[in-house]
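Only one structure is covered here, and it is reproduced in the block below.
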């Protein structure tokens, strides 16, 4: 029998979020931080070091010589791109595998969360938020709960889909009804354990919940971005669009159909660019 206690036990088997990534992101918020100090932290993490050097030597920069020195690579990349590659490097390993419970193949869930983060970055141009880095992290980690619930969804697949198809429930409601927790709730629990900010935890917990007037911009942007990524066809899985729509949020921020279509078109190009030029690899 599936219980909430059994589900929560599985959280302990999930690898913790890389300390190197969280430490460097903290350092980058400090005024006057030096690139040498950042390189000194990164150098002890083989996976992050490899990704930084790959990016520096990729076609994105088109350098005439190969850079093998980490400190030099950090200078070439710049702090803004470094933040992005650190976050991508830290998150890919969680989402790159297949998740049969949600009927996503290897790489599909990663492509989905990547698409959500890119759409969120485009929406920020229309909806100003205070901390864009937190938005990027929340967008990438919004489906982290699926990794824990995957085997339980697979076990209860028939029962969950029956509630979606015959009772008109959203996939989230059916998950909760059958398993006692949904992937958004367990995702928020994971991020609490990893000591992420309350804003990121809230956005993950609410990314499929009905809109409420007190919800933050971060909550709302992740919701819209997730929906648009699904419409674009990125990693939807069996749950697909069996969730609430967010036309009320779009109206609140003046996001009309034309704006959404432009954002999706721009995002398609960006997704391809990041996957090829950033050349992120995960340490699994």
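Residue numbers (this note's numbering): 1335 to 1618.
For each residue, glycine too, the CB sits at the ideal point set by N, CA and C.
For residue 1505, the enclosing alpha helix (DSSP H) stretches over residues 1505-1513. Within the region 1554-1596, the alpha helix (DSSP H) runs of at least 4 residues that lie entirely inside it are, in chain order, 1581-1586. Just so you know, the alpha carbons of residue 1408 and residue 1393 end up roughly 16 Å apart. The C-beta of residue 1379 has 16 or more other C-beta atoms within 10 Å across all chains shown, which makes the residue buried. Taking the Cα positions, residue 1464 is about 15 Å away from residue 1536.
Excluding its 5 nearest sequence neighbours in each direction, residue 1468 has C-beta neighbours in its own chain below 7 Å: 1531, 1533, 1534, 1552, listed in chain order.
Collapsing the DSSP output to three states places residue 1433 in a strand. In this structure, DSSP gives residue 1438 an extended state, which the three-state scheme calls strand. By the neighbour-count criterion, in which a residue is buried when 16 or more other Cβ atoms sit within 10 angstroms of its Cβ, residue 1400 is exposed.
Taking all protein chains in view, the Cβ of residue 1492 is surrounded by fewer than 16 other Cβ atoms within 10 Å, so the residue is classified as exposed. Between the region 1549-1565 and the region 1438-1452, the count of C-beta pairs closer than 8 Å reaches three or more; the two stretches touch. For residue 1487, same chain residues with a beta-carbon under 6 Å away, outside a window of 5 residues either side, are 1435 in chain order.
Taking 8 Å as the cut-off, the beta carbon of residue 1549 is found no closer than this to the beta carbon of residue 1539. The beta carbon of residue 1577 lies closer than 7 Å to those of 1504, 1505, 1506, 1542 in the same chain, with the five residues before and after it left out. Inclusion of residue 1348 and residue 1482 in the CB contact set at 8 Å is warranted, their separation being smaller than that value.
For residue 1477, the closest alpha carbon among the candidates 1423, 1556, 1421, 1352 is that of 1556.
Counting the other CB atoms within 10 Å of its CB gives residue 1338 a total below 16, which places it among the exposed residues. Taken atom to atom, the span from the alpha-carbon of residue 1508 to that of residue 1568 is near 22 Å. According to the DSSP assignment, residue 1486 belongs to the alpha helix (DSSP H) that extends over 1479-1489.
With the rule of 3 Cβ pairs closer than 8 Å, the region 1365-1382 counts as touching the region 1410-1430. Under the three-state reduction of DSSP output, residue 1531 falls in the coil class, being neither helix nor strand.
Contact between residue 1354 and residue 1336 is absent: CB atoms are separated by about 35 Å, not below the 8 Å threshold.
Boundaries of the alpha helix (DSSP H) around residue 1345: 1338-1345. Distance between residue 1453 and residue 1404, taken at the CA atoms: about 31 Å.
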